[in-house]
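Below: the structure, in structure tokens.
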Amino acid sequence: MIVAMQDSASEDQIQHVIDQLVQMGFEVHRSTGARQTVLGGVGAHPEFDIREVEMLPGVQQVHRITSPYKLAARSFRPEGTVVKFANGVEIGGKNVVVMAGPCSVESHDQLFAVSELIAKAGARVLRGGAFKPRSSPYSFQGLGEEGLKLLREAGDRFNLLVISEVMEISQIPLMLPYVDIFQVGARNMQNFNLLRELGKARKPVLLKRGIAATIEELLLSAEYLLSGGNYEIILCERGIRTFETYTRNTMDISAIPIIHKLSHLPMTADPSHGTGRRDKVAPMALASVAAGADALLIEVHHQPDKALSDGAQSLYPEQFAKLMDEIRMIAPAIGRQIA
Ligand code: PEP
Ligand code: MN
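According to the numbering used here, the sequence shown holds residues 23 to 361 in order.
In structure tokens form, the structure reads like this:
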């Protein structure tokens with residue numbers, strides 16, 4: 023159930039409604055917007071009479087939510103979620119944020135070379151896997167904590183935020199001092215134990231859509247994070263598996279406007295994994311910005327032919343710089359810019 027309070031509702035009235043909802047058996051989540059406070063009530067019995075809440079002072083409207091996700095629903099935060107960072111970067115705000123970097127952190131020289139290039143081109147977030155979910159156990163599995171240290175060093179040096187993938191619960195405390203955003207990969211979208219733990223963390227999480235997950239399943243996974251009290255959640259379309267074999271995955275650009283309608287959470291597009299081909303990354307990145315993506319996640323390597331993972335889909339630095347220039351032209355067409 024969603025309770026939208028009147029713009030003029032006092033703090034006492036809001037607190038009274040919260041107390042009543044708790045007494046009725048709801049778990050209450052509060053979203054305080056610039057104008058309006060919205061309360062999300064989760065749980066309690068379905069035959070509950072919403073008029074009991076409608077009558078309370080300060081209440082403007084009450085909606086029963088029939089969708090299986092409540093806190094991820096647009097109605098919980100109609101104005102949209104903006105994930106804000108200390109250095110001024112905002113994901114979900116007016117500007118499009120570009121996150122870029124290698125698939126995996128491989129060495130100091132590799133990471134610093136790529137970081138410098140992407141920062142110069144205008145990226146604000148450095149990506150790089152320290153723990154890698156590889157299809158084969160014989161492939162490079164990542165540098166682990168050493169990789170995290172390098173990410174933090176490079177991020178600080180080139181004024182970039184850092185995002186890296188967390189694969190299991192035990193890695194959360196290890197990663198906390200090094201990363202600004204936890205990435206949950208496609209293969210872990212339904213690792214519910216991991217999501218529950220990240221729901222308790224007070225650090226933003228970027229949740230990727232699973233290889234065969236519906237949009238509703240993605241939003242339900244986000245609900246796990248939100249119901250733990252972590253409201254700084256960013257979603258990511260990274261391609262889904264279809265019968266098409268030309269590309270590695272099929273980049274579902276329609277997921278961007280659909281999720282913007284269904285949910286208040288910001289949307290990222292990852293055209294690198296979405297296509298698996300370097301030559302298709304730029305067109306899909308531009309199309310994603312045109313479709314309303316709040317952020318892009320793009321793999322870039324200074325020597326893609328030597329990359330230890332995902333070289334074929336990693337852009338050369340010049341290609342990335344050219345893409346950034348093109349985004350600078352496309353974004354204003356829909357009233358945005360690059361952050
Ligand atoms: C990655 O970002 O390098 C990655 C492994 O992504 P995904 O989980 O989308 O496959
Ligand atoms: Mn990759």
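Ideal Cβ positions, reconstructed from N, Cα and C, are used throughout, including at glycine.
beta-carbon residue i near the ligand MN non-hydrogen atom, thresh 7 angstroms
| i | result |
| --- | --- |
| residue 295 | yes |
| residue 331 | yes |
| residue 125 | yes |
| residue 49 | no |
| residue 321 | yes |
Buried/exposed call for residue i, threshold 16 Cβ in 10 Å
| i | result |
| --- | --- |
| residue 191 | exposed |
| residue 26 | buried |
| residue 65 | exposed |
| residue 178 | exposed |
| residue 213 | buried |
| residue 44 | exposed |
| residue 265 | exposed |
| residue 85 | exposed |
| residue 295 | buried |
| residue 57 | exposed |
| residue 340 | exposed |
| residue 252 | buried |
| residue 54 | exposed |
| residue 88 | exposed |
| residue 224 | exposed |
| residue 210 | buried |
| residue 281 | buried |
| residue 215 | exposed |
| residue 246 | buried |
| residue 9 | One cannot answer for residue 9 here, as it falls past the ends of the chain, which runs 23 to 361. |
| residue 236 | exposed |
N- and C-terminal bounds of the beta strand (DSSP E) containing residue i
| i | result |
| --- | --- |
| residue 290 | 289-291 |
| residue 85 | 81-85 |
| residue 123 | 119-123 |
| residue 26 | 24-27 |
| residue 6 | This structure cannot settle anything about residue 6, because the visible part of the chain is limited to 23 through 361. |
Per DSSP, cross-strand counterpart(s) of residue i
| i | result |
| --- | --- |
| residue 95 | 285 |
| residue 48 | 65 |
| residue 22 | Residue 22 lies beyond the range of the chain shown here (23 to 361); nothing can be said about it. |
| residue 59 | 54 |
| residue 137 | Looking at the DSSP assignment, residue 137 forms no beta bridge with any residue, so it has no partner. |
| residue 106 | 112 |
| residue 147 | 121, 183 |
| residue 126 | 151 |
| residue 262 | 272 |
Start-to-end residues for the alpha helix (DSSP H) that takes in residue i
| i | result |
| --- | --- |
| residue 153 | Here residue 153 belongs to no alpha helix (DSSP H), and DSSP marks it neither H nor E. |
| residue 304 | 300-312 |
| residue 171 | 167-179 |
| residue 259 | Segment 255-259 is the beta strand (DSSP E) holding residue 259; no alpha helix (DSSP H) there. |
| residue 214 | 214-222 |
| residue 359 | That residue, residue 359, is in no alpha helix (DSSP H); it is neither H nor E in DSSP. |
| residue 239 | 237-249 |
| residue 344 | 339-352 |
| residue 193 | 193-197 |
| residue 75 | 73-76 |
CB contact check: residue i to chain B, cutoff 8 angstroms
| i | result |
| --- | --- |
| residue 67 | Among the chains of the structure shown, chain B does not appear; only one protein chain is present. |
Under 8 angstroms between C-beta atoms of residue i and residue j
| i | j | result |
| --- | --- | --- |
| residue 262 | residue 287 | no |
| residue 98 | residue 60 | yes |
| residue 169 | residue 127 | yes |
| residue 345 | residue 304 | yes |
| residue 18 | residue 184 | Any question about residue 18 goes unanswered here, given that the chain covers just 23 to 361. |
| residue 148 | residue 140 | yes |
| residue 290 | residue 337 | no |
| residue 123 | residue 322 | yes |
| residue 112 | residue 104 | yes |
| residue 167 | residue 194 | no |
| residue 151 | residue 186 | yes |
| residue 23 | residue 80 | no |
| residue 278 | residue 313 | yes |
| residue 302 | residue 269 | yes |
| residue 96 | residue 285 | yes |
| residue 307 | residue 349 | yes |
| residue 259 | residue 226 | no |
| residue 137 | residue 180 | yes |
| residue 241 | residue 94 | yes |
beta-carbon residue i near the ligand PEP non-hydrogen atom, thresh 7 angstroms
| i | result |
| --- | --- |
| residue 302 | no |
| residue 187 | yes |
| residue 326 | no |
| residue 292 | yes |
| residue 207 | yes |
| residue 263 | no |
| residue 169 | no |
| residue 116 | no |
| residue 151 | yes |
| residue 260 | yes |
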